[in-house]
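Right, one structure below, let's go through it.
Numbering (our numbering), first residue to last: 3 to 461.
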């Protein structure tokens with residue numbers, strides 16, 4: 003912990019200033035069998051009690067190996083040996099003992115501008131009782147949700163109770179993970195009066211920015227956050243003072259940022275302070291900047307189209323079989339058209355991300371340390387999936403049968419409030435709001451019969 007965590011920065015800086023690390027055996031987790039396979043990180047080191055300027059100690063890195071036997075076998079492997087001076091640690095914000103950092107990485111921290119100097123990374127609201135104060139957006143009547151608010155004043159004047167909140171979520175880049183609402187009625191009156199809640203940085207609420215998940219088991223995933231969101235303590239945000247932020251978002255979604263964050267804090271916890279300490283280096287030319295920003299804007303659009311292709315998005319318009327398969331005569335043909343479109347989006351995203359990676363690898367001089375290629379697992383939009391997508395089409399059909407959706411209206415036709423029958427012409431919802439679900443078709447208006455009617459209306 004003392005090597006990296008911000009809470010032990012003072013100890014680390016005292017060691018860097020007044021001592022010298024002579025050698026270190028960085029053992030990592032699961033080193034001592036007698037402790038029953040513990041996962042506590044451990045390191046063994048020798049300190050000299052004086053500071054020797056520019057002294058390069060010997061470091062052996064064994065953290066990637068899972069058993070004591072593996073660690074012992076890799077002790078003499080030169081690939082695991084490093085030399086490092088704590089004077090170099092002092093050039094990195096927080097002075098982490100990042101002995102594996104390359105000279106180009108250290109140069110980036112020396113020459114770059116800290117991200118926190120050009121934007122404001124901020125931590126958000128902690129309700130201390132999410133079951134009470136948070137809801138998934140589709141659990142709430144639509145007319146009680148304040149979407150697209152641009153300020154706290156506008157939110158308060160709207161008289162709505164529920165507003166979008168960032169909550170982190172799974173690894174995803176560019177756009178998405180917009181699922182939750184928070185009770186912020188009357189400028190958060192109920193939360194403010196709850197003694198365990200912590201309201202942080204409310205002046206930034208509802209402003210646009212870039213958000214990320216604070217804990218991840220994979221890579222750092224940054225996403226564009228449009229105006230209208232309150233930030234949470236698990237979905238922090240970076241605010242941009244009116245700047246577009248496309249260059250910064252592209253940087254945060256590039257491969258070099260994971261290497262830089264691993265230097266600042268090699269854990270699964272991406273703190274506001276770590277993001278603020280990331281070094282920003284300028285692109286080689288205005289043409290390169292323009293190209294990166296253009297690619298980032300396209301990546302946001304692709305990711306948003308993907309997110310909005312599912313009912314779980316509040317910007318869902320209609321099922322992709324009907325959007326991208328328009329004119330098809332069968333569900334199978336509609337799926338084939340959707341699959342072709344989704345595969346094209348997936349490969350376009352790969353090409354864009356790899357080009358962005360090439361630009362930032364060049365800017366940071368990391369060509370000898372990484373390649374721009376992006377694996378399928380690192381592309382965070384969906385590919386077409388026959389089983390999942392046909393099930394989702396059935397779900398959409400049930401929504402149309404109940405009147406939640408209409409083949410004549412984009413988006414939600416009914417989600418609370420007054421039911422308007424004039425929104426439904428192509429396919430009429432069930433009048434008594436009851437759909438029998440049976441082992442076999444029995445009633446003329448059971449789910450199988452109504453689904454058959456729905457398919458006939460669509461194709």
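All C-beta atoms in this analysis are idealised placements derived from N, C-alpha and C, irrespective of residue type, glycine included.
1. Just how far apart, CA to CA, sit residue 305 and residue 297?
2. Is the segment 216-235 close to the segment 91-100, with three or more CB pairs under 8 Å?
3. Apart from the five residues on each side of it in sequence, which residues of its chain come closer than 7 Å, Cβ to Cβ, to residue 259?
4. Can you find at least 3 beta carbon pairs, one from the segment 230-247 and one from the segment 120-133, that sit closer than 8 Å?
5. Cβ atoms of residue 181 and residue 169: under 8 Å apart, would you say?
6. Can you check whether the CB of residue 310 is closer than 8 Å to the CB of residue 317?
7. Looking at the unbroken beta strand (DSSP E) that takes in residue 137, where does it start and where does it end?
8. Which of helix, strand or coil does DSSP assign to residue 322?
9. Flag this pair as touching only if the segment 16-30 and the segment 52-63 have three or more C-beta atom pairs under 8 Å; answer yes or no.
10. In three-state terms, what does DSSP make of residue 435?
11. With a threshold of 8 Å on Cβ separation, who are the neighbours of residue 203 within its own chain once the five nearest residues in sequence on each side are excluded?
12. If you run the structure through DSSP and keep just helix, strand and coil, what is residue 228?
13. Check whether the segment 67-78 touches the segment 315-330, taking contact to mean three or more Cβ pairs, one atom from each stretch, closer than 8 Å.
14. Just curious, the beta strand (DSSP E) that residue 462 is in, first and last residue?
15. Does the contact criterion of 3 or more C-beta pairs under 8 Å hold for the segment 439-459 versus the segment 395-407?
16. Kindly provide the ranges of any beta strand (DSSP E) runs that are 3 or more residues long and lie completely inside the segment 185-229, ordered along the chain.
17. Alpha helix (DSSP H) containing residue 353: first to last residue?
18. Between which two residues does the beta strand (DSSP E) harbouring residue 59 extend?
19. With respect to the alpha helix (DSSP H) encompassing residue 258, which residues constitute its N-terminal and C-terminal limits?
20. Quick check: what's the CA-CA separation for residue 117 versus residue 277?
21. What residues in its chain sit with their C-beta under 7 Å from that of residue 114, if we drop five residues either side in the sequence?
22. Could you check if residue 271 is buried or exposed, using at least 16 other CB atoms within 10 Å of its CB as the buried criterion?
23. Run the CB neighbour count on residue 388, radius 10 Å, all protein chains shown included, and call it buried at 16 or more, exposed below.
24. What does DSSP give as the partner residues of residue 83 in its beta bridges?
25. Taking the alpha-carbon positions, what's the residue 251 to residue 111 distance?
Well, looking at it:
1. Looking up residue 305 in the chain shown gives position 303. Looking up residue 297 in the chain shown gives position 295. Straight-line Cα distance between these residues: approximately 12 Å.
2. no
3. Indexing the chain shown from 1 puts residue 259 at position 257. Contacts found: 222, 253 and 280.
4. yes
5. Taking the chain shown and counting its residues from 1, the one referred to as residue 169 is at position 167. Taking the chain shown and counting its residues from 1, the one referred to as residue 181 is at position 179. Contact: yes.
6. Sequence index remark: in the chain shown, residue 317 carries index 315 (1-based). Sequence index remark: in the chain shown, residue 310 carries index 308 (1-based). Going by C-beta atoms, residue 317 is nearer than 8 Å to residue 310.
7. Start at 1 with the first residue of the chain shown, and residue 137 comes out as number 135. Taken as a continuous stretch (DSSP letters only), the beta strand (DSSP E) holding residue 137 covers 136-138.
8. Counting from one through the chain shown, the residue named residue 322 turns up at place 320. Of the three classes helix, strand and coil, the one that applies to residue 322 here is helix, per DSSP.
9. yes
10. Here residue 435 is taken as the residue at index 433 of the chain shown, counted from 1. Residue state, collapsed to three classes: coil.
11. Counting from 1 along the chain shown, the entry for residue 203 is found at position 201. If we look at residue 203 and ignore the five residues flanking it on each side, its Cβ neighbours are 124, 125, 126 and 233.
12. Within the chain shown, residue 228 is the residue found at index 226, counting from 1. Reduced to three states, the DSSP call for residue 228 is coil.
13. no
14. This structure cannot settle anything about residue 462, because the visible part of the chain is limited to 3 through 461.
15. yes
16. 211-214 and 224-227
17. Residue numbering aside, residue 353 sits at position 351 when the chain shown is read from its first letter. Its alpha helix (DSSP H) spans residues 333-365.
18. The residue given as residue 59 occupies position 57 in the chain shown. Start and end: 59-63.
19. Position 256 of the chain shown holds residue 258. Per DSSP, residue 258 belongs to the alpha helix (DSSP H) from 257-266.
20. For this step, residue 117 is matched to residue 115 along the chain shown. For this step, residue 277 is matched to residue 275 along the chain shown. Answer to the nearest angstrom: the Cα atoms are 7 Å apart.
21. On the chain shown, position 112 is the one that residue 114 refers to. Counting only Cβ-Cβ distances below 7 Å, and skipping sequence neighbours, we find 281, 282 and 283.
22. Against the chain shown, residue 271 aligns to sequence position 269. By the neighbour-count rule (16 or more Cβ atoms within 10 Å), residue 271 is not buried but exposed.
23. Sequence index remark: in the chain shown, residue 388 carries index 386 (1-based). Per the 10 Å Cβ criterion, exposed.
24. In the chain shown, residue 83 corresponds to position 81, counting from 1. Looking at the DSSP assignment, residue 83 forms a beta bridge with 62.
25. In the chain shown, the residue the question calls residue 251 occupies position 249. In the chain shown, the residue the question calls residue 111 occupies position 109. Going by the C-alpha atoms only, they are around 19 Å apart.
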